[in-house]
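Oh and the sequence shown: position 148 is 148 in my numbering, straight run, nothing missing.
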Amino acid sequence: MSWSDSSIIGKPHRLLLSAMVAGLFARTWVILHAPGHAFAVDQLVDTLAWNLATLHQFTLDGVNPAAHVGPLYPLVLAVFYTFVGHRPEWVPTLHVLFDLGTAWCMYRVATALWSSWIGAWTAVLVFLYPAYWTYDPRIRSEALLTLLMSVWLWATVVWGQRPSSRRCAFVGFAAGLTILCKPVVLVLALLLTGLLWIDRDRLSEKIGYAILYGATCAVLVLPWSLRNYYVFHHVIPVSAGIGAGLWMGSDPISRGSWPMPPDQEQAIWESAGITPLPYAHAMYDVQTDRLLREKGLSRIAADPIRYVGLTFTRVWDFWIGNSFYLVNEKELTGGLRADAAERGWAVTIYGLLKRLLLVPSFIVLAICSAWVHRKRWRDLLPLYLFPIGLTAGYIPFTVEAGRYALPVLPCLMMLSVALVAHCQTVRSLHLQGQAFPQTRTL
């Protein structure tokens, strides 16, 4: 029995359709019944988007220009608000569309690398994974970022299989849009330039693709960078925030890892000398960010060995999550009980399983899959570079959290599905060999 024969659905598209129906039902239930969230980042993006739609300015207070976040997600929301009015409660419908686009892109990527069945199962796993649809009630950029990363990955895989100038330009276009959504992917954009030098015979071809890729990306990013320099008289490629990441990331107590107790976060900003904060996310003001960058670099230079150790622990927190929802200072399961009291035992148990089982399993399976498919390492290289690049971008330069791994978690899911499919195929061949043993001819 093969991988596809083992399915009760019969065809990949039927499997996809069934998963889409189940996923849409789950998202609808969450949107209608989940309690509302009012995080500071949600209010920040919502304010930027509404002011952009009404005042046509990228500002928080209607007077002073802002550079707190990348401009793409507020721009998308501004266009949405222009048509429907200021209705933040309708924003989850956009996130559902983003999730559908992500699932479709991952289906196309896996189909291009393996088969339509692996593509279908990958898309099912991505669309039904709870972490994606439980974030839908929130006004955040992770849903859009996940879609853009998936488009970027798809473009990179297609270009790698059949290189052409048009496909290379589309890779640069996808990279530029993703950078405008989250500037931390600049590290990934630079890392992907290494793909331009693999399996290219002529040096002129390599140089041409590199120039085309960089120029297409720069056409999208540079206008916003010039706007920031003209307004703030500082080099800010996309948004401020590096300083906050360096200061928090070098803090030995919190490790710069969200979430954390409010009093601990307050103590971090007090030690930097920037309290009281006039409003949420004031630490991302350009001048404040420059101050935090200088202080953070000074603390790192004073004890670089400790910062290296903190970086390794932040990699763990980036993928697995910190212990905020599990333990606290008073008792071993205090964080778990507090989380259950706030969000319910169902969410708490899922969060525990995600940290202890789901994500670690994806990581282990993805590593095993990379080894099994090591002969195809050139074709599969984007699936390795995207998680590595996003991790390398977030860890040093921003205050990371477990949700920030969501944009590249589909890469691990795809590798995991490919490994299971490989094992299923090997098992089927082994069973067929036992059922029909070769006979010796006399």
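Quick reminder that beta carbons are idealized off the backbone N, C-alpha and C, glycines included. Computed from a prediction, not measured in an experiment: that's the story for all the values here.
Across the set 95, 104, 130, 370, the C-alpha of 104 shows the shortest separation from the C-alpha of residue 13.
Just so you know, the alpha carbons of residue 257 and residue 314 end up roughly 7 Å apart.
Per DSSP, the continuous alpha helix (DSSP H) segment holding residue 268 begins and ends at 262 to 272.
In the three-state reduction of the DSSP assignment, residue 216 falls in the helix class.
Minimum Cα-Cα distance from residue 140 among the listed residues 47, 253, 196, 369 corresponds to 47.
One Cα belongs to residue 59, the other to residue 361, and the distance between them is close to 43 Å. From the listed residues 128, 92, 166, 253, the smallest Cα separation to residue 137 is found for 92.
Linking residue 421 to residue 158 through their CA atoms gives a straight-line distance of about 22 Å. The residue among 255, 183, 232 with its C-alpha nearest the C-alpha of residue 220 is 183.
In this model, residue 96 and residue 417 are separated by some 23 Å (Cα to Cα). Around the beta-carbon of residue 234, fewer than 16 other beta-carbon atoms lie within 10 Å, marking it exposed. Judged by DSSP in its simplified three-state form, residue 333 adopts coil rather than helix or strand.
Each of 306, 226, 44, 128 was checked against the Cα of residue 28, and the nearest Cα belongs to 128. Setting aside the 5 residues that flank it on each side, residue 264 is surrounded in the same chain by 253, 254, each with a C-beta closer than 8 Å to its C-beta; the list follows chain order. Under DSSP, the beta-bridge partners assigned to residue 65 are 59. Each of 202, 213, 428 was checked against the Cα of residue 190, and the nearest Cα belongs to 213. Sixteen is the threshold: since fewer than 16 other Cβ atoms of the shown chains lie within 10 Å of the Cβ of residue 61, the residue is exposed.
Boundaries of the alpha helix (DSSP H) around residue 177: 165 to 181. When rounded, the separation of the alpha-carbon atoms in residue 318 and residue 434 is 46 Å.
Under the criterion of beta carbons closer than 8 Å, residue 216 and residue 160 do not qualify as touching, at roughly 16 Å. When only Cα atoms are considered, residue 359 and residue 121 end up about 17 Å apart. For the pair residue 382 and residue 145, the CB atoms are not nearer than the 9 Å cut-off. A direct Cα-Cα distance of roughly 13 Å separates residue 285 from residue 70.
Pairing residue 33 with residue 26, the inter-Cα distance amounts to about 11 Å.
Between residue 353 and residue 415, the C-beta spacing is not below 9 Å. Between the segment 339 to 347 and the segment 385 to 404 there are fewer than three C-beta pairs closer than 8 Å, too few to call the two in contact. Its chain contains 155, 158, 159 as the residues whose beta carbon lies nearer than 8 Å to that of residue 167, once the 5 sequence neighbours on both sides are disregarded; these appear in chain order. Residue 51: member of the alpha helix (DSSP H) spanning 40 to 54, first to last residue.
Distances from the CA of residue 307 to each of 251, 78, 231, 372 were compared; the closest alpha carbon is that of 251. Rounded to the nearest angstrom, the Cβ distance from residue 398 to residue 176 is 19 Å, too far for a contact under 8 Å.
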